[in-house]
Amino acid sequence: MNDLRDKILGSWFGMAVGDALGQSVKGLKPETVKQYFKQVDRYHDVRPYIGKGIKQYRMAGLYGVQTQRALAVCDALLQTKKPNGDDISSLLVTLSAHGPENYFGVFRRPEGCFYKSMQDIPNRAEPLRADQVSAYACYFSMAVPLALYQQRPSKTLMQYGIQTGLLLSRHPWEVTGTALTGFITARLLNEKSLPEAAALLHEAAEFCATAEAWYRDNYPDRFGLQEKDPEAMSRTIKDLADQFKGAPESLPAWICDNASSYIGTKIVHATQGHALTLLPLALGHLLTRGGDFAPVLTGTLNLGREADKLGALVGAWAGALHGFSGIPDSWKSGLVNGREIRLRGEALAKRKKGLAGRDLLEMELGLTQKEAEERRKYLPKEARKSVNKSTVLEDLWLEGEAEDSLPQLREDPRRWRQFEKDKTRKKRDRRRNLASE
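Counting along the sequence shown from 1, when you hit position 49 you're at 48 in numbering that gives the first Met the number 0, and nothing is skipped either side.
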């Protein structure tokens, strides 16, 4: 395998690996990640911690919605050699229409804004006219297959990234961030080693400014209609470059302060799900710790919270830099559905027209159904315990009482005291009856 093909496959596979590794710690605080798993250096089993910060079962080694959306773009791209908005939208709608109970189609752990965008797609006059104005860093990974197919930074790649972002959100920060993700991915494909941070970030800031101008000129009816500071992404990346010249160790605090100044609400953690936090944080981790694939990805995932989004970004970029050969063998073999992911990565590297591997709907439906079947076996312990406890208490102590549940009784102090007195009296009478017998 030549160097470029190895790097393309590494970026594609790395995105899925980062997403899958992040599933086990998604939503957890860094302290909780350390307490439960020490560090994210493998695909962790979440079953012992269901109901203790992790609400539901997540299959170890199985990627989530970040990779699933990228797969939809990949399959549409391989069929037509262009990211046609109608084809991508149609495939996403198909994937959202089939799935097990309590899932949004076949998608695993999607965001609420994605659900709203998908509900809106069938009613659109044109695919690039999204009503959603979200900037939660949800759609950045959709630019990864575009970059791997184009294989170099270009104006065409920028346009494809903007148009792909516009399928699901018209917010300038989200759209520009999607295009920037593609640019960074393509840029790293052509690097032999980690580039100098300030130089790469200045390039990225110039790219963002160009992308914002192109978006504004070509879609004036959608650019910055309600959002203040629509050019905030280019300013953020430019200021990030200056931050690296000063004190990169204070990067998380700076990211929070910078994002808060644009958003208008206080951002406490750099890992909060927002375009102006996650993208700079992922870039910062890559440029300060990206000497090898495993350390930079593990260090990023140890932060928890939006670990799947961060993992997909850093995995794609680190894979583009270090190649498929730089990914640990245990992570390659442990990835669920790794064979199909690899087939699509090889097709992107060859720029081969036509589908690679199994049909996407059939493949993802089978994986989601398998996870759903496993999830039924591992319901949160609190839910089962509370139901059983309530049933026993109602049988023993509420006989002849009104049909009020235990939580309702607790809300009324007078009735709760009476309930406790009656319970004590019945226990005492029962002991006396046993003694007399």
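All C-beta atoms, glycine included, are put in the ideal place defined by N, C-alpha and C.
- In this structure, LEU312 keeps its C-beta atom at 8 angstroms or more from the C-beta atom of THR423.
- With respect to the 8 angstroms criterion, ALA306 and LEU300 are classified as neighbours on the basis of their beta carbons.
- Non-local C-beta neighbours of LEU20 in its own chain, meaning closer than 6 angstroms and more than five positions away in sequence, comprise VAL39, LEU300 and GLY310, ordered along the chain.
- DSSP assignment within the stretch 275-311 yields the following whole alpha helix (DSSP H) runs of 4 residues or more, N-terminal first: 292-300.
- ALA198 counts as exposed, since fewer than 16 other C-beta atoms from the protein chains shown sit within 10 angstroms of its C-beta.
- Ranked by Cα distance from ASP216, the options LYS237, ARG68, PRO171 and ASN189 are led by PRO171.
- Beta bridge pairing from DSSP links ILE49 with ILE53.
- About 5 angstroms separates the beta carbon of CYS73 from that of ARG343, a gap short enough to meet the 8 angstroms contact definition.
- Burial is judged here by how many other beta carbons sit within 10 angstroms of a residue's own beta carbon; THR367 has at least 16 and is buried.
- The Cβ neighbour count for GLU195, taken over all protein chains shown within 10 Å, is under 16; the residue is labelled exposed.
- Taking one beta carbon from each stretch, the stretch 273-283 and the stretch 94-110 have fewer than 3 pairs nearer than 8 angstroms; the two do not touch.
- In terms of Cβ geometry, ALA15 and LEU334 form a close pair [threshold 8 angstroms].
- In the structure shown, the three-state DSSP call for PHE243 is helix.
- Your pair ARG221 and ARG169 checks out as a contact, with CB atoms roughly 5 angstroms apart and the cut at 8 angstroms.
- With respect to ILE236, ALA204 sits close: the two C-beta atoms are nearer than 8 angstroms.
- PHE103 carries a strand assignment under DSSP once its states are collapsed to helix, strand and coil.
- About 6 angstroms separates the CB atoms of SER88 and LEU166; that is less than 8 angstroms, so the two are in contact.
- Contact annotation: LYS28 and GLY298 have beta-carbon atoms that are not nearer than 8 angstroms.
- Separation of LEU147 and LEU3 (C-alpha to C-alpha, rounded to the nearest whole angstrom) is 10 angstroms.
- For the pair GLU370 and LEU61, the CB atoms are nearer than the 8 angstroms cut-off.
- Excluding residues up to 5 positions away in sequence, SER23, PHE36 and ALA59 lie with their Cβ nearer than 7 angstroms to the Cβ of HIS43 in the same chain.
- For ILE262, the uninterrupted alpha helix (DSSP H) run begins and ends at 250-262, by DSSP.
- Nearest in C-alpha terms to LEU378, of all of LYS51, ASP411 and ARG68, is LYS51.
- Nearest Cα to GLU230 within the set ILE254, GLY176, ALA269 and PHE182: GLY176.
- Its chain contains ASP18, GLN22, ARG107, ARG108 and ASP307 as the residues whose beta carbon lies nearer than 7 angstroms to that of GLY63, once the 5 sequence neighbours on both sides are disregarded; these appear in chain order.
- The three-state reading of DSSP puts PRO121 in helix, counting H, G and I together.
- By the 16-neighbour rule on beta-carbons within 10 angstroms, PRO144 is buried.
- Classified as exposed, PRO219 has fewer than 16 neighbouring CB atoms from the shown chains inside 10 Å of its CB.
- In the structure shown, the three-state DSSP call for ARG151 is coil.
- Spanning the alpha carbons of PRO126 and HIS268 requires a straight line of approximately 34 angstroms.
- Of the residues assessed, GLU173 falls on the buried side of the cut-off, its CB having 16 or more other CB atoms within 10 angstroms.
- In this structure SER116 touches ALA129 by the C-beta definition: roughly 6 angstroms separates them, less than 8 angstroms.
- Only buried fits PRO82, as 16 or more other CB atoms lie within 10 angstroms of its CB.
- Secondary structure of TYR135 (DSSP, three-state): coil.
- With a cutoff of 8 angstroms on beta-carbon distance, LYS352 and LEU77 are scored as near each other.
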